[in-house]
Amino acid sequence: MIPYGRQDITQTDIDAVVGVLQSDFLTQGPMVPRFEQSVAQHVGATHALAVNSATSALHIACLALGLGPGDRLWTTPITFVASANCALYCGADVDFVDIDPRTYNLCPQALALKLEQAEREGTLPKVVVPVHLCGQPCDMQAIHALSQRYGFKIIEDASHAIGGKYQGEFIGNSRYSDITVFSFHPVKIITTAEGGMALTNDEALANKMALLRSHGITRDPAQMTREADGPWYYQQIDLGFNYRMTELQAALGVTQMERLDQYVARRHQLARRYDDLLTGLPVTAPWQHADSYSGLHLYVIRLQLDKIQKTHRQVFEALRELGIGVNLHYIPVHTQPYYERMGFKPDDFPQSQTYYQEAISIPMFQTMTDEQQDEVIAALRVAVQA
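In case it helps, our numbering puts the sequence shown at residues 8 to 393.
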């Protein structure tokens with residue numbers, strides 16, 4: 008089975024993790040700050056905070072921005088549930104903005120129309136979470152302009168997008184957002200096994216997130232309410248969480264970062280080859296905006312079902328039977344039973360629903376060979392035949 012995604016672990020990675028195992032620190036040592044500095048320097052951000060998952064990063068990002076009961080967070084339906092759930096963790100409400108039919112990202116035009124209506128109704132969002140689906144950045148300049156007009160904060164969910172660029176600059180520099188979040192799950196572009204990171208250029212936000220990721224506890228005398236009892240002293244000054252990343256994970260992240268640009272370049276080679284090989288097949292290849300250099304975490308095709316004598320499910324199952332580990336990213340969040348109980352209906356966001364009925368993620372990972380790619384295309388030819 009050729010998987011849709013796969014991590015690349017080298018001897019250098021293994022040696023780095025073993026080195027930590029043989030060191031004095033398995034957690035809260037020097038490797039996490041080193042990994043944070045590596046990512047921050049690479050993308051051009053001032054502050055980076057490593058955590059145990061991108062979900063945790065989204066949660067503390069929302070809290071740092073003051074999201075809470077009575078507030079609203081808007082995001083896209085075509086994302087993993089964590090992009091919406093982070094609002095619910097804070098007691099806030101969630102709503103969605105439909106996708107652009109070409110990029111599959113949150114549509115700025117749909118956002119503008121929804122904001123106009125929300126302003127009239129007094130229901131504007133406090134936070135908007137654009138998701139860089141597949142690694143292609145959203146139209147962040149347009150979304151940021153809307154934030155300036157309507158007063159909402161922006162968290163870029165760049166879980167798919169490390170190593171990608173927007174308008175020639177690395178995603179993660181938070182030029183058009185308050186906080187950017189990366190994921191380091193094994194199928195992502197680089198991995199720390201599990202892990203995530205929040206990046207910001209705002210020192211106050213960075214300090215707040217640093218506090219929240221470790222129980223709300225500080226040893227900084229400047230943050231304490233009274234003088235320390237002694238060198239052992241600490242204070243809990245907020246309600247935080249145990250969201251720390253381990254030294255083992257960070258060591259893996261440090262060595263993976265050394266190959267990030269190489270990984271993304273290889274993904275672009277594969278994408279160009281896919282674009283050529285798919286010519287003539289009844290599928291729509293991914294469209295790339297001129298302002299973007301995608302991280303290409305995923306390569307999503309859309310079936311032209313009017314030209315195929317099979318259903319979406321039949322093509323998907325045929326590919327699996329032929330040894331191609333395809334997947335679907337994603338089931339629209341608003342159609343999940345938990346969200347349906349809030350009153351959302353499948354046809355609330357028609358572009359997202361149409362996407363879901365046609366999309367298939369075919370294999371894309373940096374160690375994929377041309378021969379494996381040929382196998383994927385050969386299987387797809389069979390799968391779409393009558």
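Cβ coordinates follow ideal geometry from the N, Cα and C atoms, glycine included.
Only a predicted model underlies this, so the values are computations on that prediction, with no experimental measurement involved.
Pick from D185, T198 and P238 that is closest to A52, judged by C-alpha positions: D185
Presumed contact (8 Å Cβ cut-off) between I367 and L310, rounded CB distance: 7 Å
Beta-carbon proximity of G203 to S299, cut-off 9 Å: no
Nonlocal neighbours in the same chain, by C-beta distance under 6 Å from Y250, ignoring five residues either side: V58, N59, S63 and R220
Those residues which DSSP pairs with P10 across a bridge: G332
Assumed close pair Y362, I85 - CB separation to whole angstroms, cut-off 8 Å: 6 Å
Identified DSSP bridge partners for Q243: I224
Per-residue burial, G302 [other beta carbons within 10 Å of its own, 16 or more giving buried]: buried
Beta strand (DSSP E) segment containing H54, residue limits: H54 to V58
Backbone CA spacing between V27 and L255 [nearest angstrom]: 6 Å
Sequence-distant residues of its chain with Cβ nearer than 6 Å to D30 (five each side left out): Here the sequence assigns Ser to residue 30, which means Asp is not the residue at that position. Excluding positions up to five away in sequence, the list is empty.
Completely contained beta strand (DSSP E) runs for the region 141–169, where each covers 3 or more residues: 160–164
Residues near H275 by beta carbon distance below 7 Å, same chain, minus five either side: L303
Where L120 falls, given that 16 or more other Cβ within 10 Å makes a residue buried: exposed
Supposed contact pair F177 and V50 - C-beta distance, whole angstroms, cut 8 Å: 4 Å
F87, buried or exposed, once every other Cβ within 10 Å from all chains shown has been counted against 16: buried
The ligand HEM heavy atom lying under 8 Å from the CB of P289: Only the bare structure without any ligand can be found here, which leaves the ligand HEM out of the picture.
Pairwise C-alpha distance: R109 and T194: According to the sequence provided, residue 194 is Val. The question's Thr does not apply to it. Using only the alpha carbons, I get a separation of about 24 Å.
Exposed unless 16 or more other CB atoms sit within 10 angstroms - verdict on V136: buried
Buried/exposed call for T83, threshold 16 Cβ in 10 Å: buried
Bridge partners - T253, DSSP secondary structure assignment: T34
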